[in-house]
Each structure stands twice: as C-alpha cells, then as structure tokens.
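Residue numbers (UniProt numbering): 1 to 345.
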C-alpha cells in the first residue's frame, strides 16, 4: 500500500480527506496546529445525565441562598477553576506561563497541591579576624620569638642593675662585686653623676642631755642622761600623722650645731654661738617637760652629747663594723636667768 493510500476504516482528519493515513514511523503530533478549530469530544449519555442533575441541584441551592439573603442573589464564590488554564480542544492544558501572575498563583495554590519547601538559609559563622604580629607565626617561630624577647629583657634588667650599682654609694654588693660592675659599665656606659648626694647616713645619731639642778633646799643635783632622740622616735612610731616638730626640730638643730663647730667643739663665727643658744633652749624646754627632778628645782647648767652608733650590716654580709657607740660630749653650758626661771616652758 502506498503511503498516501486511503484506509477505509480511518476517520476523516481535521484538515484533510477521510481515510488518509500517515506513513509508518512518522511522529504523531498531539498538539493541534495553530489556527485549527476546536473539536468537541463525543459526550456519552451517562455524562449528560450527570451534568443535568448537577444543574438542577445548583438551581435549588441558588434559590435557598436567595431566600436566606432577603431576596438578594447570593454572590458567587470565587472559583479556582477560573485561575486554571482552559483545556484545549485536543485535551491538553495551555501554557501556564502565558497566564497572568494572579492566575499562576491561583493554579499553584489549588487544593491538593503541595507548596515547595524552602530550605532555611544556613547560618554562616563570621570569619575570624586575621592574626597579626607574633600570633600569625607558626608555633616554632613563636617559641623562638618568646626566647628572644626573654633574652633581651634579662639583658636590659642586668644593665640597669649594673648602672645603679655604679652610681650608688659603697655598699655590701659593690664591695664584693665592684670589679665586675666596673668592667660592665666602663668605659662605654660611664656616668658622671651620683644617685645620692650626699651619701646616705649609715649611722644612728642620738642627742642626749643631762642637767645640774638647784633644788628647793639649796642643794645642787645632777640628773642622769636623757635620750631626747629616743623620745622623739617613740612619739613618731605608730603615729600616722606625727608632728613636724617631733620629726625635725632636734635633728635639724643638731645638724646646725655640727656644721658651725670644729671637731674640738669650738664655734665658728656668729652662727656657732647662735647654734649653741638654739640647742640649749631646746634641751632645757624638754627637761622641764619630762624630767621630774628638773620640774622640782631650777636648771642652772646643761651638758649635751651625741651618741653615734654604726648600722649593722645584714647577717649574710661578711662586713664587720663596731657596734659600740661613740660619744661627742659638749662642755657645760650655763642657762640664763630667763630660761632658768622657766621662761622657755
């Protein structure tokens, strides 16, 4: 049979004569050609009866809703079928993309259709800040950098200690390691100034006094030595706010006396005589305050001495100094009539 022979059993085509058969193996086009008229499919008797029954039920339901609304016709419920694409004459659905967005949304939200699940966005951890400095190095280089810093720090501390010892007065450390200190400092790091000026005292100096007192019966009586420096120390010890008089009066008076007198206790110039009078007034005033014998009589003369004791070195030092006090004794000073009468009390 030829490819274009007619088949008596074939139905007439939509746009060709009846009985035309396609060649064997030719693809069958399910979609209708553009511009082809729509052909209704044959409807069976059962289908037609079902449609008539549905129409009658809709009419009865419409009348009931009209009665419920006071005679007004009920608003038709929005139908999702309007959003669905119409079926073509060939039984297919038109392209959904050609519909408006509202229609596409209605079609997607039809009953029974499952909405696509949107996976939650994974929380992304913040990127760590880039490491800088020593932290950016590998562990091996970090250890090397730490060792280098430690060596530099130790060297700086040793250098500062050596310079301090070279500027400090003679002490136990410099006496034992003075040569090592000089080798480190000189000549590159030589300093032309001193840390302390003058050198700090390494001695305890105490001012003591005794008096010759005329008693009420006319007899003279000499008191024992009274340590005035010890009295000031006891008043200062444990006192959070000691007075400047207790701290400085006697000490500065004695420094003034020593600076204006020779080694054999002779005054130098007018300041020497003034320093004697100043010290004499201070000691007489103290005796009248604290000595019972002096309060019972009248002080006629006073004698002052200074007790100097070396400060003992620490126990671990090999240095040995004498612990015996050395006294510097002044001659007897006559007290004036005003002072003897208690004018300086």
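The beta-carbon is built from N, C-alpha and C at its ideal position, and this holds for glycine as well.
Residues in its own chain within less than 8 Å of residue 224 by CB, not counting five upstream and five downstream?
-> 210
Can you grab the Cα-Cα spacing for the pair residue 136 / residue 159, in whole Å?
-> Taking the straight line joining both Cα atoms gives about 32 Å.
Proximity winner among 305, 156, 277, 182, relative to residue 338 (alpha-carbon distances) | 277
What is the DSSP secondary structure of residue 203, counted as helix, strand or coil?
-> strand
Do you know offhand how far residue 301's Cα is from residue 315's?
-> 44 Å
Residue 172 versus residue 313 - alpha carbon distance = 8 Å
Enclosing alpha helix (DSSP H) for residue 234 [first to last residue] = 228-236
Hey, could you find the ends of the alpha helix (DSSP H) residue 156 is sitting in?
-> 139-167 is the span of the alpha helix (DSSP H), which, as asked, contains residue 156.
Determine the closest residue to residue 322 out of 249, 274, 263, 203, with distance taken between C-alpha atoms.
-> Comparing alpha carbon positions, the residue from 249, 274, 263, 203 closest to residue 322 is 203.
Limits of the unbroken alpha helix (DSSP H) element including residue 246 = No alpha helix (DSSP H) contains residue 246, which DSSP labels as neither H nor E.
Residues that residue 329 bridges to, as DSSP identifies them | 305
Over the uninterrupted beta strand (DSSP E) stretch that includes residue 221, give me the two end residues.
-> 220-222
Pull up the DSSP beta-bridge partners for residue 310, would you.
-> 203
Per DSSP, residue 212 forms a beta bridge with which residues?
-> 222, 301
Collapsed DSSP secondary structure at residue 292 in the structure displayed = helix
Near residue 214, what residues of its chain come up, given a Cβ to Cβ distance below 7 Å and the 5 sequence neighbours on each side ignored?
-> 220, 297, 298, 300
DSSP bridge partner residues for residue 334 (one or two, in chain order) | 301
Nearest to residue 260 by alpha carbon, out of 271, 252, 250?
-> 271
What do you reckon, are the CB atoms on residue 330 and residue 305 nearer than 8 Å?
-> yes
Hey, is residue 305 close to the ligand SAH, as in C-beta under 7 Å from one of its heavy atoms?
-> Judged by which ligands are present, the structure shown has none, so any question about the ligand SAH falls away.
Roughly how far, in whole angstroms, is the beta-carbon of residue 191 from the beta-carbon of residue 167, given that I think they are within contact range, below 8 Å?
-> 6 Å
Sort out for me which residues DSSP pairs residue 261 with in a bridge.
-> 267
DSSP three-state call for residue 131: helix, strand or coil?
-> Residue state, collapsed to three classes: coil.
Going by C-alpha distance, which of 280, 326, 275, 251 is nearest residue 233?
-> Nearest C-alpha to residue 233 among 280, 326, 275, 251: 251.
Which of helix, strand or coil DSSP assigns to residue 320 | coil
Is it right to say residue 1 is buried, meaning 16 or more other beta carbons lie within 10 angstroms of its own, or is it exposed?
-> A caution first: residue 1 carries a pLDDT of 49, below 50, which makes its placement in the model unreliable, though a value can still be read off. When all chains shown are included, residue 1 counts as exposed.
Whose C-beta lies closer than 8 Å to the C-beta of residue 179 among residues of the same chain, with five residues either side of it excluded?
-> none
Segment limits, alpha helix (DSSP H) that includes residue 184 | 172-185
Under the rule that 16 or more other beta-carbon atoms within 10 Å means buried, what is residue 193, buried or exposed?
-> Residue 193 is exposed by the Cβ-count criterion.
Cutoff 8 Å; reference residue 326; Cβ partners in own chain excluding five residues on either side | So the qualifying residues of the chain are 307, 308, 309.
Do residue 181 and residue 174 have their CB atoms nearer than 8 Å?
-> Yes, Cβ-Cβ distance for residue 181 and residue 174 is below 8 Å.
Give every residue of the same chain whose Cβ lies closer than 7 Å to the Cβ of residue 186, excluding the five residues on either side of it in the sequence, and list them in chain order.
-> none
Contacting residues, own chain, Cβ-Cβ under 6 Å from residue 133 (five flanking each side not counted) = none
Would you call residue 282 buried or exposed, if buried means 16 or more other Cβ atoms sit within 10 Å of its Cβ?
-> buried
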